[in-house]
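Chains E and X, in that order, give the protein sequences. Once you know that position 181 of the first sequence is 181 in my numbering, the rest is easy, because the numbers rise by one and skip nothing. With the second sequence counted from 1, adding 1000 to any position gets you my numbering. Right, one structure below, let's go through it.
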Amino acid sequence: MRVTSRAPARAGALIAAATAWLGSAAAHAGSESPNTSNGLNLPYGVTGLAHSIYDLHMECFWICVGIAVVVFGAMIYSLIAFRHSKGAIPDKTMLHSTKVEIIWTIIPVVILVVVAIPAAELIIKLEDAPPPDLSIRVTGYQWKWQYQYMDAAEGIDFFSTLKQDSNFARELHSGIDPASIPNYLLEVDHPLVIPSGTKVRLLLTSDDVIHAWYVPDFGLKRSAIPGFINELWFEVDPGKEGIYRGQCAALCGRDHAFMPIVVDVRTPDEFKKWVDQQKAASKQAAAVEPQPPPTARAESPVAGAGR
Amino acid sequence: MAHEHTHPTAHDAAHDDHGPAHGWRRWVFATNHKDIGTMYLVFSLIMFFVGGSMAMVIRAELFKPGLQLVSPEFFNQMTTMHALIMIFGAVMPAFVGLANWMIPMQVGAPDMALPRMNNLSFWILPFAFTILISSFLVPGGAPAAGWTMYPPLVLQTGDAMPMLVFSVHLMGASSIMGAINIIVTIMNMRAPGMTLLKMPLFCWSWLITAYLLIAVMPVLAGAVTMLLTDHFFKTSFFNAAGGGDPLMFEHVFWFFGHPEVYIMILPAFGIISEILPTFSRKPLFGATSMIYAIASIAFLSFIVWGHHMFVDGMPLAAQMFFMMSTMLIAVPTGVKVFNWTATMWRGSISFEPPMLFAIAFLFLFSIGGFSGLMLALTPVDFQYNNTYFVVAHFHYVLVPGAIFAIMAGVYYWLPKWTGHMYNMTLAKAHFWLSAIFVNVLFFPQHFLGLAGMPRRIPDYAVQFSDWNMVSSIGGFVFGASQLLFAWLILECARGGRKATAEVWNDATPTGLEWTLPSPPPYHSFTVAPEVK
């Protein structure tokens, strides 16, 4: 389990204590966590946007906790102090107070403005995507993902499906203990490989129904909708190379739970090596047997996407 | 209900006393608001258990990782049908049942304004749900694309497709007729002297809800009709390959769907606003601002639908607009919670079962409100969307929110309806089991969602095991404890200690319903009471 030093500190003593008490979300299963979440809270993540989203989440969370302490405190005080059984006499003249009502209309408005400002700034930051260094077309299918690289990695094109051992174990009455499968339901045959410290842009669409591409550590999810191209961009922090896992996040039919997303983040050098390997391998394959003509199905995400 | 022949009070002895018809005719040809209200409530309770048993299947499958009980197809049918049945079969009819029973009695009327339409609007429902539930038996099984029915997925539904669409049409027709009846009753049949601002909060909340229903149910009917023609008549409303737009469905659906959320909570606000003053022995604080708050929430509910679709891709301006408009809802909702707290403040509080449920509502609905505020923030929604965090959020507002309010209302008015007091010890046991285990059930789902578990999945990665097991245990105990509720109602209908007209003599119930004997006469107010 990858733990950033910052996440538990920001989450505060409450959550840290709860984590210690729980101490099991990842440890119990004996397998690595799919992301930097501690099992109770959002992952701090490995991209700048994920960090900003985490911070906004925590800010709003603590504001809610503060409001809850005040409001629940007043309620609990009332329940204890003004009990009929203790002979409390009701103050029947307390009908309304314009002054008080104005105050507790304005205070929430102020709090909302305090939350809305950083939220609005973050939306702008998210939308203001600088030109990407690497673009990848991502197409959702029932029930797998297709990754088609563009730019410097043009030509790399593969499908990513649930790994066989998970696929056997997830059958009804399979008799296989999911805990015995490494990264049960979160492992694929061909992970998406991307470089760290590089602006990666995903162009998402779908060949059939609506899917959603979601890796919690990158902070974002985005729907893959037939007939649309949606953009999603992120830049993984240098030094955070590793495997990150996620799942389809839009109900897409029978095997919705079984089309995971695995991203293998490498250093730019390692990534370049991988690209060269892939290209060499496909050249070799092309030399051995003639390239089959592209099928209509493989073409459709591109052809159908030009709205 | 127990009483067959009513002996009206002296002043209307001259009137011919129309007792109910006997046997099945009383129910099939019912035009009496109490009989129809009873049928609505019984129907809703049955649907609550049907939908609840589906929830039990869901929680049993999610008890541990791996598929042990059901196939993924069947699991998807369970989640879809659980939602449709709970929303349209349990929560909405329960509120209409309460409206039928209470609105004529609260405004001082003999009955609802349109009794025959009332009969029709109820009797449509059993047919609608027979059609919907029998879709389990047709090739392809029941609908499995989620209650949101997003195309293109929903277009893959088998023979259940037309059954889904037709049953939704029927439910919509029923809701619209119920809403018209409530509006007409409130507008035309109030007792002399009862100005709108003197009207009980429950009637107010229903008046506004009824307008929401009339505004949005036709939109849902239109959306599902377009699904039907896309499926059978080769139209391409939502088919990208034919030049259509799958996102358009989401816009139309959520234009219905968000007001629908408030249709399920505004009457709950009304019920809580009746109960808290009674058991705090003190009038509702800021009654007028409560009405304005409900009206503001109703208005805002029409301009926030986009927050369900942030991850689908949206222009910057739309993201901003929907985020801010959604956050604004926190203001009137806050006013309501503060006013309820102020109602208890310097009161004299006792803890009868309706009050216990109302207090639990205050706390737990607020938790749902907090997660709602967090979900409104567009950037963070990119994390929360479609995870168990959302499941936790809307179950907090619907179960300890809407359903606890319904239970509070039933415990409040049941002695009035039946003329008998119920078993208080059993009711308190039901409360404590429900209030504790609803949290065991739903609170851990916040953790699951934040840790990245998507919703609507039958099987999950092993690090989600612990909290799913906790949640399932909470679900089983919560589900089982609802049997106490059904038993208690049955027992109370059969007999028990006689209830007085005021029922809660020790507290201060206000409103015209408490001036009638318990149980009330067949035609509630044959002579309109004078309201000062």
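Virtual Cβ for every residue (Gly too), placed ideally from N, Cα, C. It should be emphasised that the depicted structure is a prediction, and the values quoted were computed from it without experimental measurement.
If proline 1200/X sits next to glutamine 1106/X, beta carbons under 8 Å apart, how far is it from one beta carbon to the other, in whole angstroms? Your numbering for residue 1200/X matches position 200 in the second sequence. Your numbering for residue 1106/X matches position 106 in the second sequence. Contact between proline 1200/X and glutamine 1106/X holds, since their C-beta atoms are separated by about 5 Å, short of 8 Å.
Neighbouring residues, chain E, relative to isoleucine 1359/X (Cβ below 8 Å): Here residue 1359/X refers to the residue found at position 359 of the second sequence. Result: Met75, Leu79.
Looking at the structure shown, is lysine 221/E part of a helix, part of a strand, or coil, going by DSSP? As a working mapping, residue 221/E is identified with position 221 in the first sequence. Of the three classes helix, strand and coil, the one that applies to lysine 221/E here is strand, per DSSP.
Could you run through the stretch 155-180 of chain E and flag, in chain order, every residue whose CB is less than 8 Å away from some CB of chain X? If the cut-off is 8 Å between Cβ atoms, the stretch 155-180 of chain E has Ala169, Arg170, Glu171, Leu172, His173, Ser174, Ile176, Asp177, Pro178, Ala179 near chain X.
Using 7 Å as the limit for Cβ to Cβ distance, is isoleucine 102/E near chain X? By one-based count along the first sequence, residue 102/E stands at place 102. Isoleucine 102/E has a beta carbon lying at 7 Å or more from every beta carbon in chain X.
Is it true that the CB of serine 37/E sits closer than 7 Å to the CB of alanine 1451/X? As a first step, residue 1451/X must be located in the second sequence, where it is residue number 451. As a first step, residue 37/E must be located in the first sequence, where it is residue number 37. Yes, these two residues count as a Cβ contact at 7 Å.
Per the contact definition of three or more C-beta pairs closer than 8 Å, is the stretch 1028-1037 of chain X in contact with the stretch 1454-1471 of chain X? Touching, no.
Going by DSSP in three states, leucine 185/E sits in which element: helix, strand or coil? Translated into the one-based positions of the first sequence, residue 185/E becomes position 185. It is coil, neither helix nor strand.
Using a Cβ cut-off of 7 Å, which residues of the stretch 1305-1317 of chain X contact any Cβ in chain E, in chain order? Contact annotation: in the stretch 1305-1317 of chain X, residues whose CB is within less than 7 Å of a CB in chain E are Val1311, Asp1312, Gly1313, Leu1316.
Between the Cα of phenylalanine 1302/X and those of Gly1257/X, Ala1342/X, Cys1203/X, Pro1315/X, spot the shortest distance and give me the residue it belongs to. Within the second sequence, residue 1302/X is the residue found at index 302, counting from 1. When only C-alpha atoms are compared, the closest one is Gly1257/X.
For threonine 1500/X, which of Trp1417/X, Phe1485/X, Gln1482/X, Leu1448/X has the nearest alpha-carbon? For the purposes of this step, residue 1500/X is taken as residue 500 along the second sequence, with counting starting at 1. Among Trp1417/X, Phe1485/X, Gln1482/X, Leu1448/X, the Cα nearest to that of threonine 1500/X belongs to Trp1417/X.
Within a Cβ cutoff of 6 Å, which residues of the same chain sit near valine 1438/X, ignoring the five residues on either side of it in sequence? One-based indexing of the second sequence puts residue 1438/X at position 438. If we look at valine 1438/X and ignore the five residues flanking it on each side, its Cβ neighbours are Val1399, Pro1400, Phe1478.
Does valine 236/E come within less than 7 Å of chain X when only Cβ atoms are used? Residue 236/E sits at position 236 when you count from the first residue of the first sequence. For valine 236/E, no Cβ of chain X is located within less than 7 Å of the residue's own Cβ.
What residues in its chain sit with their C-beta under 6 Å from that of tryptophan 1204/X, if we drop five residues either side in the sequence? Start at 1 with the first residue of the second sequence, and residue 1204/X comes out as number 204. When the five nearest sequence neighbours on each side are left out, the beta carbons in the same chain lying within less than 6 Å of the beta carbon of tryptophan 1204/X are those of Ile1291, in order along the chain.
Would serine 1044/X pass as a contact of alanine 1083/X if the rule is Cβ separation under 7 Å? Indexing the second sequence from 1 puts residue 1044/X at position 44. Indexing the second sequence from 1 puts residue 1083/X at position 83. In this structure, serine 1044/X keeps its C-beta atom at 7 Å or more from the C-beta atom of alanine 1083/X.
Between valine 115/E and alanine 1405/X, what straight-line distance do the alpha-carbon atoms span, to the nearest angstrom? The residue labelled residue 115/E in the question sits at position 115 within the first sequence. The residue labelled residue 1405/X in the question sits at position 405 within the second sequence. If you take the alpha carbons of valine 115/E and alanine 1405/X, they lie about 30 Å apart.
I think phenylalanine 258/E touches tryptophan 143/E, with their Cβ atoms under 8 Å apart; what is that distance to the nearest whole Å? Residue mapping note: residue 258/E aligns to position 258 of the first sequence, counting from 1. Residue mapping note: residue 143/E aligns to position 143 of the first sequence, counting from 1. Right, the Cβ-Cβ distance comes to about 6 Å (below 8 Å), so this counts as a contact.
Give the secondary structure of histidine 1022/X by DSSP, where H, G and I count as helix, E and B as strand, and everything else as coil. As a working note, residue 1022/X is residue 22 in the second sequence. Of the three classes helix, strand and coil, the one that applies to histidine 1022/X here is coil, per DSSP.
Only counting the same chain, and skipping five residues up and downstream in sequence, which positions put a Cβ closer than 6 Å to that of isoleucine 136/E? The residue you call residue 136/E lines up with position 136 of the first sequence. These residues qualify, in order along the chain: Tyr147, Tyr149, Leu202.
Cα-Cα separation, proline 1143/X to alanine 1528/X: Locating residue 1143/X in the second sequence gives position 143, counting from the first residue. Locating residue 1528/X in the second sequence gives position 528, counting from the first residue. Rounded to the nearest angstrom, the two C-alpha atoms are 49 Å apart.
Rounded separation between glycine 45/E and glycine 219/E - CA only: By 1-based counting over the first sequence, the position of residue 45/E is 45. By 1-based counting over the first sequence, the position of residue 219/E is 219. Distance between the alpha carbons of glycine 45/E and glycine 219/E: 6 Å.
Interface partners of serine 223/E on chain X, CB under 8 Å: For the purposes of this step, residue 223/E is taken as the residue at position 223 of the first sequence. Chain X residues near serine 223/E: Val1311, Asp1312, Gly1313.
Report yes or no: is there a C-beta of chain X within less than 7 Å of the C-beta of lysine 92/E? The sequence position of residue 92/E within the first sequence is 92, counting from 1. So yes, lysine 92/E belongs to the interface.
Does lysine 221/E pass the burial test, meaning 16 or more other C-beta atoms within 10 Å, or should it be called exposed? Within the first sequence, the letter at position 221 stands for residue 221/E. Looking at its Cβ environment, which holds 16 or more other Cβ atoms inside 10 Å, lysine 221/E is buried.
Based on Cα-Cα distance, which residue from Trp1123/X, Val1410/X, Ile1131/X, Ala1221/X lies nearest to methionine 1163/X? Working through the second sequence from its first residue, we reach residue 1163/X at position 163. When only C-alpha atoms are compared, the closest one is Ile1131/X.
Glutamate 231/E bridges to which residues according to DSSP? If you number the first sequence from 1, residue 231/E lands on position 231. Residue pairing for glutamate 231/E: DSSP places it in a beta bridge opposite Leu203/E.
Please classify threonine 1425/X as buried or exposed, where buried requires at least 16 other C-beta atoms within 10 Å of its C-beta. Position 425 of the second sequence, counted from the first residue, corresponds to residue 1425/X. Exposed, since its Cβ has fewer than 16 Cβ neighbours within 10 Å.
Assign leucine 1490/X to one of two classes, buried (16 or more other C-beta atoms within 10 Å of its C-beta) or exposed (fewer than that). Residue numbering aside, residue 1490/X sits at position 490 when the second sequence is read from its first letter. The residue in question, leucine 1490/X, is exposed, as its Cβ has fewer than 16 Cβ neighbours within 10 Å.
Alpha carbon of arginine 307/E to alpha carbon of leucine 1125/X, nearest angstrom: The residue given as residue 307/E occupies position 307 in the first sequence. The residue given as residue 1125/X occupies position 125 in the second sequence. Low per-residue confidence applies at arginine 307/E: pLDDT is 35, beneath 50, and the placement is therefore not dependable enough to give any value.
Would you say isoleucine 106/E lies against chain X (beta-carbon separation less than 7 Å)? Against the first sequence, residue 106/E aligns to sequence position 106. With 7 Å as the cut-off, isoleucine 106/E does not count as an interface residue toward chain X.
For proline 216/E, three-class secondary structure by DSSP: Reading the first sequence from its first residue, position 216 is the one you call residue 216/E. If DSSP states are grouped into helix, strand and coil, proline 216/E belongs with the helices.
In whole angstroms, what separates the C-alpha of glycine 1369/X from that of histidine 1393/X? Residue numbering aside, residue 1369/X sits at position 369 when the second sequence is read from its first letter. Residue numbering aside, residue 1393/X sits at position 393 when the second sequence is read from its first letter. Answer to the nearest angstrom: the Cα atoms are 8 Å apart.
Hey, does glutamate 187/E have any beta-carbon neighbour from chain X nearer than 7 Å? Translated into positions along the first sequence, residue 187/E becomes position 187. By this cut-off, glutamate 187/E is not an interface position.
Answer with buried or exposed for lysine 1034/X, where buried requires no fewer than 16 other C-beta atoms within 10 angstroms of its C-beta. Against the second sequence, residue 1034/X aligns to sequence position 34. Taking a 10 Å sphere around the C-beta of lysine 1034/X, we find 16 or more other C-beta atoms and assign the residue as buried.
Strictly below 8 Å CB to CB, what residues from chain X border serine 135/E? In the first sequence, the residue the question calls residue 135/E occupies position 135. For serine 135/E, there are no C-beta contacts with chain X under 8 Å, since the nearest C-beta of that chain is about 16 Å from it.
Can you say whether serine 1135/X is buried or exposed, counting buried as having 16 or more other CB atoms within 10 angstroms of its CB? On the second sequence, residue 1135/X is found 135 positions in, with the first residue counted as 1. Looking at its Cβ environment, which holds 16 or more other Cβ atoms inside 10 Å, serine 1135/X is buried.
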